[in-house]
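Report on the structure given below.
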Amino acid sequence: MVDLDQLVTKNFRLREFAVSAHHPGMAAAITFTEAEVEKIYLLCATILQPIRNRFGLVIVTSGKRTEELNEAVGGDDDSQHLHCEVGDIETPEADIEVVHTWVATTLPHAYGQCLLYYDKHLRPKRIHVGLPSRRIRSSLRVGYKFGGAFHPRPPNREERA
Ligand SMILES: [Zn+2]
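Structural data, given as structure tokens:
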């Protein structure tokens, strides 16, 4: 049995990747194989810990998902969350748009996808950032999700108004 309290890197514990605000019961059922712990380590060492070091607190809102949890949150059928390769993060101490641009430009070889999600008021909320994977079918490595679709650019001023 993998120890969920183990430190993965300086500021991240494994249990931070077994979370769901809306479905805590499903999150409590998440377990990790040793291979998945290695993937979480890579994600933290190459992406999340560098973000933490530069921008302060990083809250993981979704890490690994079971099939059941992925379905409950409306994730893609072949979401990287199912394969423990990605984190959805918020950065309460830093502007999330600045963090997204920093990751996209400063860590270009670390991620497979780096997507910024906006809420319905077009306020930037969280970043979905994951390891490179042959599973990724989209050609959009850096993207912005708003208005129910992915875009290669952030919303413009008229769209935000
Ligand atoms: Zn995600």
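The opening position of the sequence shown corresponds to residue 2 in the numbering used here, with each subsequent residue numbered one higher. Note that CB positions come from ideal geometry on N, CA and C, so glycine has one too. No experiment lies behind these values; they were computed from the predicted model shown.
Can you tell me where the alpha helix (DSSP H) with residue i in it begins and where it stops?
i       : result
Gly-148 : No alpha helix (DSSP H) contains Gly-148, which DSSP labels as neither H nor E.
Gly-26  : 25 to 29
Leu-70  : 68 to 73
Tyr-119 : Note, Tyr-119: premise wrong, no alpha helix (DSSP H); beta strand (DSSP E) at 114 to 119.
Going by Cα to Cα distance, which pick from the options is closest to residue i?
i       : options                           : result
Pro-109 : Arg-124, Gly-88, Ile-128, Leu-132 : Leu-132
Trp-103 : Asp-77, Lys-126, Phe-56           : Phe-56
Phe-147 : Val-38, Ser-139, Pro-156          : Pro-156
Val-9   : Ala-30, Gly-26, Leu-43            : Leu-43
His-129 : His-122, Ile-97, Arg-136, Arg-158 : Ile-97
Ser-139 : Thr-107, Asp-77, Thr-106          : Asp-77
Arg-66  : Val-59, Cys-85, Pro-51, Leu-58    : Cys-85
Leu-117 : Val-99, Asp-6, Glu-160            : Val-99
Ala-105 : Glu-94, Gly-144, Glu-91, Leu-83   : Gly-144
Lys-121 : Glu-91, Tyr-112, Ala-162          : Ala-162
His-24  : Thr-47, Asn-71, Asn-54, Leu-58    : Asn-71
Pro-125 : Glu-17, Ala-30, Ala-95, Ser-134   : Ala-95
Glu-37  : Ala-22, Arg-127, Arg-53, Gln-81   : Gln-81
Glu-107 : Arg-127, Ser-134, Ala-22, Ile-52  : Glu is not the amino acid found at residue 107; the sequence shown has Thr there. Ranking Arg-127, Ser-134, Ala-22, Ile-52 by Cα distance to Thr-107 puts Ile-52 first.
Thr-47  : Ala-28, Gly-113, Ala-29           : Gly-113
Ala-22  : Pro-93, Ser-134, Ala-73           : Ala-73
Distance check for residue j and residue i, CA to CA, integer angstroms please.
i       : j       : result
Gly-75  : Gly-149 : 13 Å
Arg-158 : Cys-115 : 22 Å
Cys-45  : Arg-14  : 10 Å
Asn-12  : Arg-136 : 28 Å
Gly-26  : Ile-60  : 19 Å
Tyr-119 : Lys-40  : 27 Å
Val-3   : Leu-83  : 18 Å
His-152 : Leu-123 : 13 Å
Leu-58  : Arg-154 : 26 Å
Ser-63  : Val-20  : 6 Å
Glu-68  : Glu-91  : 23 Å
Ile-31  : Glu-17  : 11 Å
Would you mind giving the Cβ-Cβ distance between residue i and residue j, rounded to the nearest angstrom? I have them listed as a contact below 8 Å.
i      : j      : result
Leu-49 : Gly-88 : 6 Å
Ends of the beta strand (DSSP E) at residue i?
i       : result
Ile-52  : No beta strand (DSSP E) holds Ile-52; the alpha helix (DSSP H) holding it covers 50 to 56.
Thr-127 : Looking at the sequence itself, residue 127 is Arg, so the reference to Thr does not match. Taken as a continuous stretch (DSSP letters only), the beta strand (DSSP E) holding Arg-127 covers 125 to 131.
Thr-10  : 8 to 10
Val-87  : 87 to 91
Report all residues for which the CB-ligand distance to some heavy atom of ligand 1 is below 6 Å; order them along the chain.
The set, ordered by position in the chain, is Ser-63, His-82, Val-87, Asp-89, His-129.
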